[in-house]
Every structure is written in C-alpha cells, then in structure tokens.
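Accompanying notes for the structure given below.
Protein chains in written order, with my numbering: chain F, 1 to 234; chain W, 1 to 196.
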C-alpha cells in the first residue's frame with residue numbers, strides 16, 4: 001500500500017513526494033492526550049453512573065422478585081416466564097404504527113380546523129376565565145362538561161332566537177353579546193354556539209360516544225382538571 | 001420487561017427526547033414514531049396479559065395510544081412518562097374487563113367458563129399445558145389484582161413505580177401481590193393434585 005502511494009506521488013506530484021510529512025506544524029496543548037481520557041471519563045461519568053445504578057437496581061429487583069416467588073409461590077417460581085403461548089398476527093407491530101398514524105393524522109387536522117372555526121369561543125372562554133376566580137372557572141368547566149355529556153345522550157339539536165340574533169355578528173361582537181346576556185341563553189344554544197352541528201358530530205365520532213361518557217366523566221373527576229385540559233377534551 | 005432498568009434501552013432515545021419531539025409540529029411525526037417504537041410492544045404485552053384475547057387487546061391498545069397522543073399535552077411531568085403510559089394502559093384494560101365481565105353472569109361457574117372460553121377461543125394463544133394452567137389461574141384474579149400481579153411478575157416493576165401506575169400505596173400493593181401469589185399457587189397445586 002505504501003509503495004503504491006509513493007508511486008502515485010512520484011508520478012503525479014514529484015515536489016510533494018520529496019517533502020517530509022513530519023513535522024506538519026500542528027501542536028496540541030501540553031499533556032493533551034494524557035488528559036483526553038480523564039476529560040472524557042469526567043463527561044461520561046454521570047451517564048455511566050446512571051446506567052450502572054440502573055443495572056444494579058435491576059439485579060436487586062430481580063432478586064427481590066425471585067425471593068418473593070421462592071417464599072410464597074414455589075410452583076410458580078419454577079415456571080419459565082418466556083413462552084407464555086401468546087401470539088400476534090404476522091407483521092402486527094409493524095402495521096400498528098401505520099394504522100394508528102392514519103387514525104391520528106386526520107384527527108389532528110380536525111382539531112386544528114375546529115380551533116380556527118371556533119376561535120371566538122376561545123376568546124369567550126378566556127374572558128370567562130378572566131372574570132371568574134380559577135376555582136369558579138374550574139367548577140363552571142366541570143358543569144359545562146356534564147351538560148355537554150347530557151347533550152350527547154339526549155342528541156337534541158336546537159336553534160333559538162338568541163343564536164339567530166348572533167348569526168350576523170362578528171366573532172368579537174358575538175362574544176361580547178353572549179357575555180352580556182349569559183343568563184338568557186339556554187344550555188343547548190350555548191353548546192350549539194360553541195361547536196356548530198358539524199363540529200359536534202366530529203367530536204362525537206372521535207372522542208365521545210354513549211358508552212364512554214361515564215368513563216370519561218369518572219376520569220375527569222380523578223384528574224386535576226383545569227380549563228386548558230377541558231378545552232383539550234372539548 | 002421493565003424498561004427503565006434495561007441497559008440497552010438506556011442507550012436509546014429517552015422519554016424526555018420523545019416528549020421534546022412531540023412538542024413541535026415539525027418533529028411531531030418523528031416523536032410519534034419514536035414513542036411507538038419504544039412503547040408499542042411493551043404496552044401491547046401488558047394489555048394482552050390483562051385481557052388474554054388478541055382481538056380485545058388490539059382494540060384496547062389502539063384506544064390507549066389514541067388517548068396518549070390526544071392528551072400528551074396534559075402530561076405534566078410530575079411522574080415518569082412510562083408510568084403515565086402504563087397507567088393509561090392499565091386503566092383502559094380494567095375498564096374493558098369490567099365491561100366484558102358485566103356481560104357475563106355473576107356465578108363463579110359461569111365466570112370460570114368465560115375465562116376458559118377466552119383462552120380457548122383465541123387463535124393467537126398456543127401455550128403448553130403448564131402455561132395454559134397459569135393463564136387460567138391469573139385470569140380469575142380480580143382486575144386490579146391481576147394488574148398488580150402482571151406488573152410485578154412479568155414487568156418486574158418496583159413497588160414504588162407500581163404505586164404510581166395503580167394510584168395506591170406500596171403497602172397495599174405488597175399485600176395484594178402476596179394474595180395474588182397465594183391464589184395462583186393454590187390453583188397450580190390443585191391442578192397438580194388433580195392430575196396425579
């Protein structure tokens with residue numbers, strides 16, 4: 001190899017061929033190479049420590065679990081954990097990601113569209129949350145959700161004089177009108193104003209359904225729900 | 001296997017990196033793929049062990065990931081990300097089991113025959129004799145105790161993390177797991193005794 005390189009240089013670059021390769025003029029700080037290993041070790045030490053601690057924790061947990069089995073369930077202790085007998089269709093996991101992406105991508109788009117269409121609603125919510133204390137806003141949000149859930153059950157579509165009044169107003173004007181006349185609006189009209197019938201069915205199809213409303217409400221009660229969370233669910 | 005203590009996994013993408021990718025619209029798809037790659041099999045097997053049947057597990061795991069991605073902005077970081085994921089998967093599985101069980105009658109005989117049916121009807125379940133008995137023993141544990149057993153026995157999760165997943169205390173979990181072990185062991189002993 002060296003001979004080949006030398007011949008190339010002789011043939012194509014005779015001046016370069018005659019030059020010494022050392023010294024090139026580059027320098028490094030004193031003890032650079034001696035310190036490189038130590039410097040790298042210092043940088044990697046936290047990550048290595050974390051990994052080794054984690055590995056020792058694994059060993060300890062495995063030991064603890066095995067002791068539990070030995071002491072309380074010797075028959076089970078002797079059984080292999082692998083080969084449970086479960087199988088999945090061919091390429092199941094490879095297809096799961098693509099299938100889910102198909103389901104989630106249009107939903108993401110719908111959410112974005114709904115947000116822009118209902119932008120005046122966002123303003124309304126912000127104004128309500130500004131007017132009310134956080135605790136009150138939270139309660140209002142919870143009540144609104146319960147009403148919304150009830151609405152899905154009843155599946156009623158309603159129009160009202162109030163919504164007709166709002167039909168020709170701009171978003172800001174509508175928002176101000178609703179705030180000023182909140183007591184005059186019935187639940188159905190507020191819901192319709194918030195979503196419109198088309199968006200309503202989209203939300204229904206993607207998140208709420210009759211069977212899941214109870215579960216959803218249970219879930220929300222357990223969660224530390226705030227207005228932002230509520231908006232996400234809506 | 002319990003991920004956060006797996007050496008190889010420690011060297012791959014972290015939960016923090018996944019969450020960071022999911023925060024931005026430009027990297028959302030990359031984050032989605034990273035999350036799926038890191039968790040889809042682990043969560044599927046957890047759900048599968050809870051439900052036994054592949055078709056049911058498939059329905060539930062799809063719901064799990066849909067809820068995860070729709071609510072990812074609400075993840076506040078006050079618990080570990082994988083704990084949050086396991087919590088959603090466990091809750092969805094228990095909810096599904098409750099609904100499935102409501103359809104069955106309450107008598108023990110019918111419950112046992114339902115369990116047996118779930119195990120034998122699944123074309124994607126092909127265990128040896130011992131595993132069939134073990135799965136039958138686990139299947140008759142109450143839903144939450146089944147989750148406790150599976151997280152500890154199969155996932156090898158520390159009690160402290162299980163407490164976050166199941167929203168309960170370490171003491172309660174230890175008691176529940178030991179009761180579960182006793183029930184499974186008794187079932188296996190009876191099978192062994194009857195086969196003699």
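The C-beta atom is built at its ideal place from N, Cα and C for all residues, glycine as well.
query, result
"How many angstroms separate the CA atom of residue 87 of chain F from the CA atom of residue 135 of chain W?", "14 Å"
"Relative to the C-alpha of residue 97 of chain F, which residue among W:37, W:43, W:175 and W:81 is closest?", "W:37"
"Count the other CB atoms, across all protein chains shown, that sit within 10 Å of the CB of residue 50 of chain W; report buried if there are 16 or more and exposed otherwise.", "buried"
"Less than 9 Å between the beta carbons of residue 17 of chain F and residue 2 of chain F, yes or no?", "no"
"I'd like to know if residue 62 of chain F contacts chain W, where contact means its C-beta is closer than 9 Å to some C-beta of that chain.", "yes"
"Anything in chain F within Cβ reach of residue 162 of chain W, meaning under 8 Å, just list it in chain order.", "Near residue 162 of chain W there are no residues of chain F at all, since even the closest Cβ is about 11 Å away, more than 8 Å."
"What did DSSP end up calling residue 15 of chain W once you bin it into helix, strand or coil?", "helix"
"To the nearest angstrom, report how far apart residue 14 of chain F and residue 20 of chain F are at their CA atoms.", "12 Å"
"Determine, using beta carbons only, whether residue 182 of chain W comes closer than 9 Å to chain F.", "yes"
"Quick check on residue 86 of chain F: does DSSP put it in helix, strand or coil?", "strand"
"I'd like to confirm the pairing. Which residues does DSSP put opposite residue 125 of chain W in its beta bridges?", "F:86"
"Return the chain-ordered list of same chain residues with a C-beta closer than 7 Å to the C-beta of residue 46 of chain W, the five sequence neighbours on each side being excluded.", "86, 89, 150 and 155"
"Mark residue 74 of chain F as exposed unless 16 or more other C-beta atoms lie within 10 angstroms of its C-beta, in which case mark it buried.", "exposed"
"Taking residue 145 of chain W as the query, report the chain F residues whose CB atoms sit under 7 Å from its CB, ordered along the chain.", "Under the 7 Å cutoff, chain F gives no residues; its nearest Cβ is about 14 Å from residue 145 of chain W."
"Rounded to the nearest angstrom, what separates residue 68 of chain W and residue 75 of chain W at their Cα positions?", "9 Å"
"Write down the C-beta distance between residue 34 of chain W and residue 13 of chain W rounded to the nearest angstrom, noting that I regard them as a contact closer than 8 Å.", "5 Å"
"Considering just the uninterrupted stretch of the alpha helix (DSSP H) at residue 37 of chain F, what are its terminal residues?", "32-72"
"So, is the C-beta of residue 84 of chain F closer than 9 Å to a C-beta in chain W?", "yes"
"Beta-carbon of residue 188 of chain W versus every beta-carbon of chain F: anything under 9 Å?", "yes"
"Leaving out five residues on either side along the sequence, give the residues of the same chain with a beta carbon under 7 Å from the beta carbon of residue 84 of chain F.", "none"
"With distances taken between CB atoms, is the gap from residue 158 of chain W to residue 61 of chain F smaller than 9 Å?", "yes"
"Terminal residues of the continuous alpha helix (DSSP H) containing residue 19 of chain F?", "No alpha helix (DSSP H) holds residue 19 of chain F; DSSP gives it neither H nor E."
"Establish whether the CB of residue 125 of chain W and some CB of chain F are separated by less than 9 Å.", "yes"
"I believe residue 57 of chain W touches residue 39 of chain W by the beta-carbon criterion, under 8 Å. Please report the beta-carbon distance rounded to the nearest angstrom.", "Between residue 39 of chain W and residue 57 of chain W the Cβ distance is about 15 Å, and since that is not below 8 Å, they are no contact."
"Threshold first: 4 residues or longer. Then list the alpha helix (DSSP H) segments lying entirely within the region 54-86 of chain W, N to C.", "54-71"
"Report the three-state DSSP secondary structure of residue 13 of chain F (helix, strand or coil).", "coil"
"For the region 37-50 of chain F, which residues have a CB atom closer than 8 Å to at least one CB atom of chain W, in sequence order?", "50"
"Examine chain F for any beta-carbon lying closer than 9 Å to the beta-carbon of residue 130 of chain W, and answer yes or no.", "yes"
"Do residue 182 of chain W and residue 140 of chain W have their CB atoms nearer than 9 Å?", "no"
"Expressed to the nearest angstrom, what Euclidean distance is found between the alpha-carbon atoms of residue 178 of chain W and residue 66 of chain F?", "13 Å"
"Got a sec: which bits of the region 17-40 of chain W sit with their beta carbon under 7 Å from any beta carbon on chain F, in order along the chain?", "32, 33, 36 and 40"
"Would you verify that the beta carbon of residue 99 of chain F is, or is not, closer than 9 Å to some beta carbon of chain W?", "yes"
"Output yes if chain W places a C-beta closer than 9 Å to the C-beta of residue 16 of chain F; else output no.", "no"
"Rounded to a whole number of angstroms, what is the C-alpha to C-alpha distance between residue 148 of chain W and residue 138 of chain W?", "11 Å"
"If you drop the 5 nearest sequence neighbours on each side, which residues of the same chain put their C-beta closer than 8 Å to that of residue 164 of chain W?", "79, 80, 83 and 87"
"At a CB-CB cut-off below 9 Å, which residues of chain F make contact with residue 152 of chain W?", "65 and 68"
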